Amino acid sequence: MLTSTLFILLVFTYLLICRYFRFRRIKGIIEKYSNVKLDYRTAQEVCLLTGAYDMPYVLELSTAFGLFRTYAIPTISEVLVKSNQLANKDVAGRRAEDTSVLLSECIYHDLDSKRARMGLARINYLHNLYRCSITNDDMLYTLSIFIYEPVRWSELYDWRPLEPIEKEARYIFWKEIGERMGIEYIPSAYEELEI
Numbered sequence: 004m005l006t007s008t009l010f011i012l013l014v015f016t017y018l019l020i021c022r023y024f025r026f027r028r029i030k031g032i033i034e035k036y037s038n039v040k041l042d043y044r045t046a047q048e049v050c051l052l053t054g055a056y057d058m059p060y061v062l063e064l065s066t067a068f069g070l071f072r073t074y075a076i077p078t079i080s081e082v083l084v085k086s087n088q089l090a091n092k093d094v095a096g097r098r099a100e101d102t103s104v105l106l107s108e109c110i111y112h113d114l115d116s117k118r119a120r121m122g123l124a125r126i127n128y129l130h131n132l133y134r135c136s137i138t139n140d141d142m143l144y145t146l147s148i149f150i151y152e153p154v155r156w157s158e159l160y161d162w163r164p165l166e167p168i169e170k171e172a173r174y175i176f177w178k179e180i181g182e183r184m185g186i187e188y189i190p191s192a193y194e195e196l197e198i
């Protein structure tokens, strides 16, 4: 009897401690950033805190699945087929891996750092090879996937949905990347781009 009571008490204590630490981080984000006008640097801080500690698996997986979602758009898949990126089984996996590595350089390093600038330069170089075939709408759609797909997945599959400040931070950060990629007509507000 004492053993089962002790076990229940330990489980309950563990759950309380987990809850405390989980919600402490998001409360800290809300307190620190809610009354601050976010620029891309502070937005990146918020994204990193959320992505590294609160929901790393779901945010990364949703971005990868979001990338696959773009392949269903005829104009995008047509460019990928022309470039031999999806038609050749030896190269198809490499494209996804290259995308992950290059975007990681931008996500985990300040956008003005050498590593992020080099990653973004490589992304721009690869896209410019097919710029006559890639429409701005396709670029906007792909950008919106990187912003909104993780938001949807966190609502469906993670322990909590993203807070409004986290959604806004994602938008500001990815908007900055989009602008540095030369994507035109990116709306100025989170709600305006959502697909």
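In this note's numbering, the protein residues as written are 4 to 198. Where is the CB? At the ideal position from N, CA and C, for every residue including glycine. Small disclaimer: the values here were computed from a predicted structure and weren't measured.
Nearest candidate by alpha-carbon position, reference residue i, set the options
{"i": "I29", "options": "I168, I175 and M184", "result": "I168"}
{"i": "G185", "options": "I137, E171, R163 and I198", "result": "I137"}
{"i": "S86", "options": "P190, R134 and V61", "result": "R134"}
{"i": "W162", "options": "C50, P190, C21 and T8", "result": "C21"}
{"i": "N139", "options": "E182, L165 and Y174", "result": "E182"}
{"i": "D57", "options": "F68, P164 and Y144", "result": "P164"}
Reduced DSSP category for residue i - H, G, I as helix; E, B as strand; rest coil
{"i": "T66", "result": "helix"}
{"i": "Q47", "result": "helix"}
{"i": "A124", "result": "helix"}
{"i": "P59", "result": "helix"}
{"i": "E197", "result": "coil"}
Enclosing alpha helix (DSSP H) for residue i [first to last residue]
{"i": "L159", "result": "N139 to Y160"}
{"i": "T102", "result": "K92 to Y111"}
{"i": "P167", "result": "P167 to R183"}
{"i": "K3", "result": "Any answer about residue 3 is impossible in this case: the structure gives the chain only from 4 up to 198."}
Alpha-carbon to alpha-carbon, residue j and residue i
{"i": "V154", "j": "K170", "result": "7 Å"}
{"i": "T53", "j": "R25", "result": "11 Å"}
{"i": "L146", "j": "K40", "result": "22 Å"}
{"i": "E179", "j": "L12", "result": "49 Å"}
{"i": "A46", "j": "Y36", "result": "9 Å"}
{"i": "E187", "j": "G96", "result": "29 Å"}
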